[in-house]
Amino acid sequence: MYKLHQLAKNNQLTELKELIKTGVDLNSFVDGCYTTLHHAVKENNLDAVNLLIDAGADLNVKSKVGGFTALYIAAFMINLSAVKLLINAGADPNIKDDQNKITSLHCAALGSDSNIVKSLILAGANLNIRDNDGQTALHMAARMENLSAIKVLINAGANSNIRDKNGKTAQELALDNGKIVIANAIQSMELTKDTIKICEDKQMLGSKLPSLASHLKEDKLLKLKKHNCLEKILSYVNDKDTLQSLKEACKIELCTDLMKKHNINTQALGESGEEFDIYDNAQ
């Protein structure tokens, strides 16, 4: 087994192929801790990783110390190429380590490459899975001031209202640590994601659409990531700095402004409780 490990570690591919043909156990713990696949990922020997994957190495086996999978190690080491190899082969992104109960996505949120975060999300990573402290990947990204990861997570649907064991959301965690820019960014991204939405297809405006401002789930939406009226609205409600009050203040103004921008001729924008109905008379 030690020979298998050494060949993979040194990227000696010809010898590694021959040894694999003998039926050697690919999943043994060569040093009492890690498998050969773990070591190949740690050494960034991607050809060896490919060989081991093709030969049937267990992608999800955990190290005996720490409980790390190969994918976890790749994410922790900010190795996008290894992450993609393992994901494409079917590695599970939601396996937690043994000590802190964090996943590959948590690791990626701590790192500097948001493409790893994207890759894990596309592979089915649970956006809201929590570690021992009740923290999600969004909490991790906020702690590390990882703005690009925060953006990817929120745009993918991460729940920014989840509180950790200390009762803190990711935004509050950032505020507590004096990271005002990060806290404001989380608030702004959530505001943008939840409120700046409008139908792109006029046919969809032929009948009442409940809660257009923040609850539309139809496929055809125009999602404007930044709009020039946002600054005006934020200024207008600067004495109401909670996310919920911002959403409420933006509902009518954003809907009407966006409809004008996209030449949607509206007959009425009526308020009914907290829902808004839009009618189209362009037909």
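Residue numbering for the sequence shown follows the working numbering, starting at 6 and increasing by one per position. Cβ coordinates follow ideal geometry from the N, Cα and C atoms, glycine included. Every value quoted in this text rests on a predicted model; they were computed, and no experiment measured them.
| Check | Outcome |
| --- | --- |
| Whole angstroms is fine: what's the gap from residue 136's alpha carbon to residue 181's? | 20 Å |
| Name the residue from 41, 187, 123 and 100 whose alpha carbon lies nearest to the alpha carbon of residue 144. | 187 |
| Can you check the segment 43-115 for any alpha helix (DSSP H) of at least 4 residues that lies completely inside it and give the ranges in chain order? | 51-59, 75-81, 85-93 and 109-115 |
| Does the segment 55-62 come within contact of the segment 82-89, defined as at least 3 CB pairs closer than 8 Å? | no |
| Rounded to the nearest angstrom, what separates residue 251 and residue 9 at their Cα positions? | Any reading at residue 251 must be qualified, since the residue scores a pLDDT of 48, below 50, and its modelled position is unreliable; the value itself is stated next. Whole-angstrom Cα-Cα distance: 59 Å. |
| Out of 15, 177, 68 and 170, state which residue places its alpha-carbon closest to the alpha-carbon of residue 53. | 15 |
| So for residue 7, helix, strand or coil by DSSP? | helix |
| DSSP on residue 238, reduced to helix/strand/coil? | Legend: pLDDT at residue 238 = 42, less than 50; position of this residue unreliable, value from coordinates given subsequently. Helix. |
| Can you check whether the CB of residue 109 is closer than 9 Å to the CB of residue 156? | no |
| Assuming contact is defined by CB atoms lying nearer than 9 Å, are residue 76 and residue 57 in contact in what I supplied? | no |
| Should residue 103 go down as buried or exposed, given a rule of 16 or more other Cβ atoms within 10 Å for buried? | exposed |
| Would you please state the rounded distance, in angstroms, between the beta carbons of residue 80 and residue 46? I believe it to be under 8 Å. | Not really, about 10 Å apart at Cβ, beyond 8 Å. |
| Is the Cβ of residue 69 closer than 9 Å to any Cβ of chain D? | Among the chains of the structure shown, chain D does not appear; only one protein chain is present. |
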